[in-house]
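Asker: Per this note's numbering, the very first residue in the sequence shown carries number 106; after that it's consecutive. Even glycine gets a Cβ: it sits at the ideal position worked out from N, Cα and C.
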Amino acid sequence: MNLLKEATKLIGWLTGALAGLVALLYSAGYVIVQTQLHLLGISALLPSGKEYYLQEGANFFLVTGQKVGQLLLGLLALVLIFCIPLSIFKKTQTGLKHVETLKKNCAGMQHQWLWQSATLLVLVILLFFLAERRKQNMEVGNDRGYANISNFYYSLLMHCLFAGVLLVATQHVAATWPFKSVIVFPFLLVFAIYLFLLPVCYAVVEKKLEFPSISFVSTFDSISDTSGELLLLWDKTRRKALWLPKDKDAVVPARDDGSRFRVQSSTANSFQTDLPRELFDH
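1) Please state if the CB of Cys306 and the CB of Leu261 are separated by a distance shorter than 7 Å.
2) Among Ile137, Leu123, Leu129, Gly121, which residue has its Cα nearest to the Cα of Lys313?
3) How far does the alpha helix (DSSP H) with Pro291 in it reach, from first residue to last?
4) Thinking just about the alpha-carbon of each residue, which of Val310, Ile298, Phe257, Pro283 is nearest to the one in Leu272?
5) Please report the Cβ distance between Phe296 and Ala268, rounded to the nearest whole angstrom; I am assuming they are in contact, meaning their Cβ atoms lie under 8 Å.
6) Should Val227 go down as buried or exposed, given a rule of 16 or more other Cβ atoms within 10 Å for buried?
7) On a CA-only basis, which of His143, Leu300, Leu177, Leu129 is nearest Tyr158? Give me that one, please.
8) Counting C-beta neighbours from all protein chains within 10 Å, is the total for His143 16 or more, i.e. buried, or is it exposed?
9) Measuring CB to CB, does Ala58 end up less than 7 Å from Gln175?
10) Taking 7 Å as the cut-off, decide whether the C-beta atoms of Phe257 and Val310 are in contact.
11) Just to confirm, are Pro304 and Phe165 a CB contact at a threshold of 7 Å?
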């Protein structure tokens with residue numbers, strides 16, 4: 106009977122964990138896909154299903170996990186370089202004396218709130234430095250080449266991890282303070298913003314542009330006979346995709362006020378249609 110209860114609890118826990126994992130992958134994939142499609146202006150033309158969102162969410166966590174793993178390996182190497190000599194020094198007689206002296210000084214230290222306040226002030230300065238540095242990297246006039254653009258996601262990931270470290274440190278420093286939640290909230294807000302920006306930045310910088318190959322047949326000979334590139338427009342009012350010749354001479358004003366435009370074919374066959382101005386403003 107006890108075995109059955111334990112199995113039931115295990116199944117319930119696995120079900121809840123799986124549901125949470127699916128929700129996490131779906132939400133990340135949805136943000137990634139919609140960000141990229143809205144950036145390209147074709148979100149209404151390429152509807153995506155739930156499976157595609159889950160796939161992109163899994164790819165996002167896979168790429169992010171690889172980058173975090175590389176960063177942790179570098180940090181682990183640095184920790185080993187400093188910790189191994191320190192552990193050897195602690196085992197010596199001189200090291201043991203220094204450790205005992207340090208423990209006594211920490212135990213009898215007065216006015217701990219002064220040290221906590223100073224540490225909190227340093228954390229706040231680091232938080233503002235983090236935000237200011239990220240602001241400089243995102244300025245429009247800051248053109249530093251494609252190499253920095255390709256490393257932008259990695260830089261944002263490092264800033265996110267640094268914000269998480271500041272959040273944990275602030276919780277530890279302000280653990281005994283009466284207004285702990287008020288002090289921790291700004292750090293939590295910055296960390297949450299960076300977490301939300303990660304999938305958005307992944308969609309813009311890391312995700313490859315992959316589109317299905319499509320073909321169309323037009324009942325108008327003027328479009329069927331047109332060679333070269335075509336202009337794809339989305340009519341929000343009629344919710345239709347319009348394929349038009351990519352020719353400057355083919356688009357002329359249909360009214361004096363410029364509220365509507367007329368598209369005419371440059372081929373021998375005549376094809377004219379009136380379209381609202383909003384289609385040409387984007």
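Answerer: So, from the data block:
1) Yes; because the gap between Cβ atoms is below 7 Å, this pair is in contact.
2) For the options Ile137, Leu123, Leu129, Gly121, the alpha carbon positioned closest to that of Lys313 is the one of Ile137.
3) In the DSSP assignment, Pro291 falls within the unbroken alpha helix (DSSP H) covering 285-306.
4) Of the candidates Val310, Ile298, Phe257, Pro283, the one whose C-alpha sits nearest the C-alpha of Leu272 is Ile298.
5) That belief holds up - the Cβ atoms of Phe296 and Ala268 are roughly 4 Å apart, short of 8 Å.
6) Here Val227 is exposed: its Cβ has fewer than 16 other Cβ atoms, across all protein chains shown, within 10 Å.
7) Of His143, Leu300, Leu177, Leu129, the residue nearest in Cα terms is Leu129.
8) Here His143 is exposed. Its C-beta has fewer than 16 other C-beta atoms within 10 Å.
9) Residue numbering for the chain in the displayed model covers 106 to 387; residue 58 lies beyond these limits and cannot be assessed.
10) Yes, the pair counts as a contact, with Cβ atoms nearer than the cut-off.
11) A Cβ-Cβ contact shorter than 7 Å links Pro304 with Phe165.
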